[in-house]
Amino acid sequence: MSVRSQSRLALAALSALALSAVQPSSAADQPDPAADARAFRNYFTNKFPNVKLEDFVNGPYALNEDMRRQWEEKEQFPPYEFSLETGKELFAKPFKSGKTYADCFPHQGIGIRQNYPYFDEKEGKVITLELALNRCREANGETPISYTGEDMAALTAYMAFTSRGKPFDIKIPDDRRALQAYQNGKRYFYARRGQLNFSCATCHVQNPGQRMRAEVLAPALGILNALPIYRSEWGGMGTVSRRFTTCNSQIRGVPLEPQAEEYRDLEYYLSYVSNGLPVSGPGARP
Amino acid sequence: MASSIRVRAIANGETTDVQTLIQHPMDSGFVSDDKGEFIPAHFIQELIFEYDGRKVFVADWGTAVAKDPYVKFSFKGGNKGGELKVSWIDNKGATDTATVKIQ
Amino acid sequence: MTTPRSGSAFKQKDDKEAIKWLYGKTAEPSKVKLDAPEIAENGAVVPISVTTTLADVTSISFVVPENPNPLAAYYKLPPGTMPSVANRLKMAKTSNVIVIVEAGGKLYSATKEVKVTVGGCGG
């Protein structure tokens, strides 16, 4: 070998060593939710530089002027008004035990929606607001209500309303299982499924603002902040559970049971990466 | 349960601005149910607003008015504290009415 | 009646200019202002409103020609009621929306096309 090629080889070897020293070790798999949230937010603010951060919670209305005007007109006297009133009544109605929903929640259940879902360290699972409401019922001698039905939508509409404007404040405790739930949710979000082979990201990360058939796709950032929503398409109010299950059906996949572990973990992930954005629910959508 | 009628009437200088949202299916008769049968038309036919004993706005509606219908209009002469009466009748003969004070 | 300027009118590239050349004046802008979306976000709930500067308005109606029954709503305005109405209509498919304003015994109208992707009549 010539001197030149020898030194080239040495240089290459040195470079390789230097590079490997800079490469992270196998701890690269360690989840970093805070970094994820920053990157998630930056992706959307870079993609839509003219949209204010708080406005992302308004979904397609933040991205389409014609639709926004229709929404603003309807918000003058919103279609979810009746559901909201029903929710307030249901929330105050005593159970067979004599207690009410207020007894199951901190702050009497008022102004707490932005803290859900949370990771319950005793049980080792994610607790969503909908799950907490049904558990409250069962603890007080009542049968659980449908996660995709109108009553659950009305109750969560009322609770969201009492938190309107409050920034999402989802916590991930220093617990390996909480991190796993978060990662599980993240994985679900990015995994493809169904006959259409779409992931949540396919529509809501890659194509927000674009039309998919008749709908203008909402950005994933802040997408849960407006829930529950009155959809013109449904002619009524729908919960997070309803949206997740119908979304799965729409991409021709088999929906999971409402409040299945993957759905709760998905809600956990999506809510966490939208931390800081305000609660805008109950909302209205096409 | 409360009335199906929600009204906001606000005095604004010489005029009173009125917005109404009514809980009603406004079924057009063109939609079929899960069994494939048409859901019969069920809609508000007439909506009347009265102030001081006289009609200030009358709506004649067909099935093309949206579910949970909304309407907004303004009229001269309403006073703060004055009462606005709203009533409707649908094609099944059902009625509802509400009275609200102008804010 | 001779129209010596019509030759020049035909040569105009701008529509307003052409009319001015032909008539020596321009048409009055419509006194009826119809507000409706370009593309309805959902045909089941389309916010549509009208306002007008016309005097003595006694009624306002909305017509959607492509609906199974074109007449959608009819509003009677007694004296003292402002000539302005906002409502939410169903549209079966892309259609013109026509508003008819009855003022001083005459009918005036305005039209706007609203595109509908998801029909409001259960389609």
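Chains as they are written, first to last, in numbering that gives the first Met the number 0: chain A, 0 to 285; chain B, 0 to 102; chain C, 0 to 122.
Backbone N, C-alpha and C define an ideal beta-carbon position, used for all residues, glycine too.
The structure displayed is predicted, hence computed values, not measured ones.
message: Determine, for B/Trp87, whether the minimum Cβ-Cβ distance to residues of chain C falls below 8 Å.
response: Interface criterion not met: the Cβ of B/Trp87 is under 8 Å from no Cβ in chain C.
Nearest residue (CA-CA) to A/Asn183, options A/Ser248, A/Glu266, A/Gly235 and A/Leu130:
Of all alpha-carbon atoms in A/Ser248, A/Glu266, A/Gly235 and A/Leu130, the one lying nearest the alpha-carbon of A/Asn183 is that of A/Glu266.
Going by alpha carbons, who is nearest to A/Glu137 out of A/Tyr157, A/Lys95, A/Ala225 and A/Ser279? For the residues A/Tyr157, A/Lys95, A/Ala225 and A/Ser279, the minimum Cα distance to A/Glu137 belongs to A/Lys95.
Can you tell me which of the three DSSP states B/Gln22 falls into? B/Gln22 carries a coil assignment under DSSP once its states are collapsed to helix, strand and coil.
Starting from the C-beta of A/Glu214, find all residues in its chain whose C-beta is less than 7 Å away, skip the five residues before and the five after it, and write them out in chain order. The residues Pro285, in chain order, have a CB closer than 7 Å to that of A/Glu214 in the same chain once the five nearest residues on each side in sequence are set aside.
request  = Could you tell me which residues DSSP puts in a beta bridge with B/Trp60?
outcome  = Among the bridge pairs identified by DSSP, B/Trp60 is matched with C/Ala72.
| What residue range is occupied by the uninterrupted alpha helix (DSSP H) comprising A/Gly184? | From DSSP, the alpha helix (DSSP H) with A/Gly184 extends over Arg175 to Tyr189.
* Can the beta-carbon of C/Tyr74 be found closer than 8 Å to that of B/Ala58? -> Cβ atoms of C/Tyr74 and B/Ala58: closer than 8 Å.
Item to check | Members of the region 58-75 of chain B near chain C, C-beta cut-off 8 Å | outcome: The residues in question are Ala58, Asp59, Trp60, Gly61, Thr62, Ala63, Val64, Ala65, Lys66, Pro68, Tyr69, Val70, Lys71, Phe72, Ser73, Phe74 and Lys75.
When you compare the CB of A/Gly282 with every CB in chain B, is at least one pair closer than 8 Å?
At a cut-off of 8 Å between beta carbons, A/Gly282 makes no contact with chain B.
ask   = Span of the alpha helix (DSSP H) holding B/Trp87?
value = Taken as a continuous stretch (DSSP letters only), B/Trp87 belongs to no alpha helix (DSSP H), being part of the beta strand (DSSP E) at Glu82 to Asp89.
### Per-residue contacts from C/Ile38 into chain A (C-beta, under 7 Å)
Simply Asp65.
- Message: Give me the chain A residues within the contact set of C/Asn86, using Cβ-Cβ distance strictly less than 9 Å, ordered along the chain.
- Response: Neighbours of C/Asn86 in chain A, taken as residues at a C-beta separation under 9 Å, are lacking, since the least C-beta distance is about 10 Å.
A/Gln75 at chain B interface by Cβ criterion, 8 Å | The beta carbon of A/Gln75 falls within 8 Å of a beta carbon belonging to chain B, placing the residue at that interface.
**Prompt:** From what residue to what residue does the beta strand (DSSP E) around C/Asn95 run?
**Reply:** DSSP places C/Asn95 inside the beta strand (DSSP E), whose first and last residues are Ser94 to Ala102.
Checklist entry - Once you ignore the five residues that flank A/Ser145 on each side, which residues in its own chain have a CB closer than 7 Å to its CB? => result If the five residues before and after A/Ser145 are omitted, its C-beta is found closer than 7 Å to the C-beta atoms of Met151, all from its own chain and listed in chain order.
For the alpha helix (DSSP H) that C/Pro82 lies in, which residues bound it at each end?
Premise fails: C/Pro82 is in no alpha helix (DSSP H) and is neither H nor E.
Rounded straight-line distance, which links the Cα of A/Ala131 to that of C/Ile59:
Distance between the alpha carbons of C/Ile59 and A/Ala131: 50 Å.
* Asked: Considering only the beta carbon of each residue, do A/Pro254 and A/Thr238 sit closer than 8 Å?
  -> Between A/Pro254 and A/Thr238, the C-beta gap is not smaller than 8 Å, which leaves the two residues out of contact.
Do the region 16-26 of chain B and the region 184-200 of chain A meet, that is, are 3 or more Cβ pairs less than 8 Å apart?
Under the three-pair Cβ rule at 8 Å, the region 16-26 of chain B does not count as touching the region 184-200 of chain A.
What span of residues does the alpha helix (DSSP H) with A/Ala159 cover, start to end?
-> First-last of the alpha helix (DSSP H) with A/Ala159: Glu149 to Phe160.
> Is C/Ala43 close to chain A, meaning its C-beta is less than 8 Å from at least one C-beta of that chain?
Replying inline: When Cβ-Cβ separations below 8 Å define contact, C/Ala43 makes contact with chain A.
Contact between the region 47-63 of chain C and the region 87-98 of chain C is defined here as three or more beta-carbon pairs at a separation below 8 Å; is this criterion met? Cβ pair count under 8 Å is three or more, so yes.
With 8 Å set as the bound, which would you pick, yes or no: does the beta-carbon of C/Val96 sit closer than that to a beta-carbon of chain B? False, the Cβ-Cβ gap to chain B never drops below 8 Å.
Margin query: Within the continuous alpha helix (DSSP H) that includes A/Thr37, where are the two ends?
Written below: Just to set this straight, residue 37 of chain A is Arg in the shown sequence, not Thr. Here the alpha helix (DSSP H) through A/Arg37 covers Pro32 to Lys46.
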